[in-house]
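Following: one structure in structure tokens, then a few remarks.
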Amino acid sequence: NAGVTQTPKFQVLKTGQSMTLQCAQDMNHNSMYWYRQDPGMGLRLIYYSASEGTTDKGEVPNGYNVSRLNKREFSLRLESAAPSQTSVYFCASSVRGGTNYEQFFGPGTRLTVL
Amino acid sequence: EDQVTQSPEALRLQEGESSSLNCSYTVSGLRGLFWYRQDPGKGPEFLFTLYSAGEEKEKERLKATLTKKESFLHITAPKPEDSATYLCAVQGPDSWGKLQFGAGTQVVVTP
Numbered sequence: 001n002a003g004v005t006q007t008p009k010f011q012v013l014k015t016g017q018s019m020t021l022q023c024a025q026d027m028n029h030n031s032m033y034w035y036r037q038d039p040g041m042g043l044r045l046i047y048y049s050a051s052e053g054t055t056d057k058g059e060v061p062n063g064y065n066v067s068r069l070n071k072r073e074f075s076l077r078l079e080s081a082a083p084s085q086t087s088v089y090f091c092a093s094s095v096r097g098g099t100n101y102e103q104f105f106g107p108g109t110r111l112t113v114l
Numbered sequence: 001e002d003q004v005t006q007s008p009e010a011l012r013l014q015e016g017e018s019s020s021l022n023c024s025y026t027v028s029g030l031r032g033l034f035w036y037r038q039d040p041g042k043g044p045e046f047l048f049t050l051y052s053a054g055e056e057k058e059k060e061r062l063k064a065t066l067t068k069k070e071s072f073l074h075i076t077a078p079k080p081e082d083s084a085t086y087l088c089a090v091q092g093p094d095s096w097g098k099l100q101f102g103a104g105t106q107v108v109v110t111p
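Residue numbers (this note's numbering), protein chains in the order written: chain A, 1 to 114; chain B, 1 to 111.
What follows is the structure, given as structure tokens:
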């Protein structure tokens, strides 16, 4: 099992450009999440999808959109990138239900917006 | 609003020098407290989940404990390969699936 995979690993954009970050998991998890990580601020939730067909805003959703393409895939789109969106982006997934809520993370996408 | 504070921000240890990391939290009705390890340039790696005060979990040189207000991650006789950033996160009763993370403690273990 590959676990959670993300593409691309690195990306440099100019202000105003758009791009989509891709995420896929092969653990048959119901729920998927997008976080950003900035120095000294910890991981902050951007959007999440509790199950296929549903998406909800997290703590910092402005400037982003998401699509839950199917059970395996959850993408994050920046429509008009801004320097404030320079960050490391992590996708995660978890099982829904039961008593285990731990999330499993991908390797991250390092995005720089100039 | 759920809040998580980790201390210290950074910790430098000699190999074999045991120490503890602290995670203080404010959440009404804790559903779970999670510890992760993150190596430079990589995603967080799950270590432990604690669900109720008094619970303890161990993995190799790491032991996590939980009280009603804080959690400790004890590192016993650390080795250089234990060098990483350790992250703590909490999940409240109304935030199903959503974790509130602390900023982390960066641990460096020197030979």
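Backbone N, C-alpha and C define an ideal beta-carbon position, used for all residues, glycine too. If you're wondering where the values come from, they're calculated on a predicted model, not measured in any experiment.
**Item:** Closest Cα partner of SER31 (chain A) within the set A:SER75, A:GLY108 and A:VAL88
**Value:** If you number the first sequence from 1, residue 31 (chain A) lands on position 31. Of the listed residues, the one whose Cα sits closest to SER31 (chain A) is A:SER75.
**Message:** Please list the terminal residues of the continuous beta strand (DSSP E) segment that includes ASN22 (chain B).
**Reply:** The residue given as residue 22 (chain B) occupies position 22 in the second sequence. Looking at the DSSP string, the run of the beta strand (DSSP E) that includes ASN22 (chain B) is 19-26.
**Message:** Counting only Cβ pairs nearer than 8 Å, list the residues of chain B close to GLY106 (chain A).
**Reply:** Taking the first residue of the first sequence as position 1, residue 106 (chain A) is located at position 106. Ordered by position in chain B, the residues that pass the 8 Å Cβ test against GLY106 (chain A) are GLY43.
**Request:** Measure the alpha-carbon distance for THR112 (chain A) versus LYS69 (chain B) and round it to whole angstroms.
**Result:** Numbered from 1 along the first sequence, position 112 holds the residue referred to as residue 112 (chain A). Numbered from 1 along the second sequence, position 69 holds the residue referred to as residue 69 (chain B). One C-alpha to the other measures close to 38 Å.
**Item:** Endpoints, beta strand (DSSP E) assigned at ARG37 (chain B)
**Value:** For the purposes of this step, residue 37 (chain B) is taken as residue 37 along the second sequence, with counting starting at 1. Element bounds for ARG37 (chain B): 32-38.
**Request:** Using a Cβ-Cβ cut-off of less than 9 Å, list which residues of the stretch 91-105 of chain B approach chain A; keep chain order.
**Result:** GLN91, TRP96, GLY97, LYS98, LEU99, GLN100, PHE101, GLY102, ALA103 and GLY104
**Asked** Where does SER31 (chain A) sit, in a helix, a strand or coil, going by DSSP?
**Response** Counting from one through the first sequence, the residue named residue 31 (chain A) turns up at place 31. Note: SER31 (chain A) maps to strand in three-state DSSP.
**Request:** Determine which residues share a DSSP beta bridge with THR65 (chain B) and list them.
**Result:** The sequence position of residue 65 (chain B) within the second sequence is 65, counting from 1. B:GLU56 and B:PHE72.
**Prompt:** Would TYR35 (chain A) pass as a contact of ARG44 (chain A) if the rule is Cβ separation under 8 Å?
**Reply:** Here residue 35 (chain A) corresponds to residue number 35 of the first sequence, with the count starting at 1. Here residue 44 (chain A) corresponds to residue number 44 of the first sequence, with the count starting at 1. Yes; because the gap between Cβ atoms is below 8 Å, this pair is in contact.
**Prompt:** CA-CA distance, PHE104 (chain A) and GLY40 (chain A)?
**Reply:** On the first sequence, position 104 is the one that residue 104 (chain A) refers to. On the first sequence, position 40 is the one that residue 40 (chain A) refers to. Each residue's alpha carbon lies about 22 Å from the other.
**Prompt:** Is the CB-CB distance between PHE46 (chain B) and GLU52 (chain A) below 8 Å?
**Reply:** As a working note, residue 46 (chain B) is residue 46 in the second sequence. As a working note, residue 52 (chain A) is residue 52 in the first sequence. Contact flag unset, no.
**Prompt:** Across which residues does DSSP place TYR51 (chain B) in a beta bridge pair?
**Reply:** Translated into the one-based positions of the second sequence, residue 51 (chain B) becomes position 51. Answer is none; TYR51 (chain B) lacks a bridge partner.
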